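Colleague:
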Amino acid sequence: RISILAFPGALSVIQNELGNANTDLWSSAYQWRLAEMAAPLVKNSEVSPDQIRDLSLRALQRLRKSARTPSLDSSVATLIALGSPPEDSNEGRLATLARQQVEQAQAPDGLWPGASTGLDDILVSTARAVWALGAEDHPHRLKAQGAFERYRDRLKNPYVAAWALVADA
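For what it's worth, our numbering labels the leading residue of the sequence shown as 16, then goes sequentially.
Here's what the structure looks like:
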């Protein structure tokens, strides 16, 4: 049995993604970012502004909830989702807290801890952290680039290499 799901246009893909009910941390970050970026695109479509606002608020609440028990993973996901919001907004305060947590988690050798002690996992965690901090964060980026330079000959996994490229590390 084969099931085909056809989308008549780009806005239909966005509408389907907005309806995704995943509530894990990375899905919440993705949903918030999508809702923020999709708002100007869906003004004249079947997706109502109320749907986008509802999704955005629910995803942001889940990100705030994860910030109560901060971890490197939750802080990185929050920073990636929020981008650079105004500092005086609730999102700005949450992003500032997440940025501080990510910056403090960097080890003196330039790496961030991973979910396991494997080098590939540590390098992916480092690339995610560098990407979350953004291009303007020079001291942390330079330390991470030094770490990637040290381990360049051990970068055999394409997934790890892709993260290093995404992060420009």
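Just so it is clear, CB atoms sit at the ideal spot from N, CA and C, and this is done for glycine as well. Since the model is a prediction, treat every value here as computed from it, not as a measurement.
What distance in whole Å lies between the Cβ atoms of A159 and G133, which are believed to be in contact at a cut-off of 8 Å?
Modeller: Walking along the sequence shown from the start, residue 133 turns up at place 118. Walking along the sequence shown from the start, residue 159 turns up at place 144. Not quite, the Cβ-Cβ distance comes to about 17 Å (not below 8 Å), so this is no contact.
Colleague: Let me know the secondary structure DSSP gives E164 once reduced to three states.
Modeller: Start at 1 with the first residue of the sequence shown, and residue 164 comes out as number 149. The answer is helix: DSSP assigns E164 an H, G or I state.
Colleague: Using the beta-carbon count (16 or more within 10 Å), is R156 buried or exposed?
Modeller: Position 141 of the sequence shown holds residue 156. Counting Cβ neighbours within 10 Å, R156 comes out buried, since at least 16 surround it.
Colleague: Rounded to whole angstroms, what's the CA-CA distance from T38 to Y166? Just pull it up for me.
Modeller: On the sequence shown, position 23 is the one that residue 38 refers to. On the sequence shown, position 151 is the one that residue 166 refers to. About 35 Å.
Colleague: Apart from the five residues on each side of it in sequence, which residues of its chain come closer than 7 Å, Cβ to Cβ, to V175?
Modeller: Along the sequence shown, one-based indexing puts residue 175 at 160. Same-chain partners within the cutoff: D135, L138 and V139.
Colleague: When you compare the CB positions of A184 and A142, do they come within less than 8 Å of one another, or not?
Modeller: Counting from 1 along the sequence shown, the entry for residue 184 is found at position 169. Counting from 1 along the sequence shown, the entry for residue 142 is found at position 127. In this structure, A142 lies closer than 8 Å to A184 by Cβ.
Colleague: Quick one: what's got a C-beta closer than 8 Å to D65's C-beta in the same chain, skipping five residues either side?
Modeller: Residue 65 sits at position 50 when you count from the first residue of the sequence shown. Around D65: no qualifying Cβ.
Colleague: Please report the residue range of the alpha helix (DSSP H) in which S89 lies.
Modeller: Looking up residue 89 in the sequence shown gives position 74. Counting along the chain, the alpha helix (DSSP H) containing S89 begins and ends at L87 to L97.
Colleague: Going by alpha carbons, who is nearest to R92 out of A147, S71 and A120?
Modeller: Walking along the sequence shown from the start, residue 92 turns up at place 77. In the sequence on display, residue 92 carries Ala and not Arg. The residue with the shortest Cα to Cα distance from A92 is A147.
Colleague: Helix, strand or coil for Q121? Go by DSSP, reduced to three states.
Modeller: Counting from 1 along the sequence shown, the entry for residue 121 is found at position 106. If DSSP states are grouped into helix, strand and coil, Q121 belongs with coil.
Colleague: Since L94 and V117 should fall inside the 8 Å C-beta cutoff, what is the C-beta to C-beta distance between them, to a whole number of angstroms?
Modeller: If you number the sequence shown from 1, residue 94 lands on position 79. If you number the sequence shown from 1, residue 117 lands on position 102. L94 to V117, Cβ: 6 Å. Contact.
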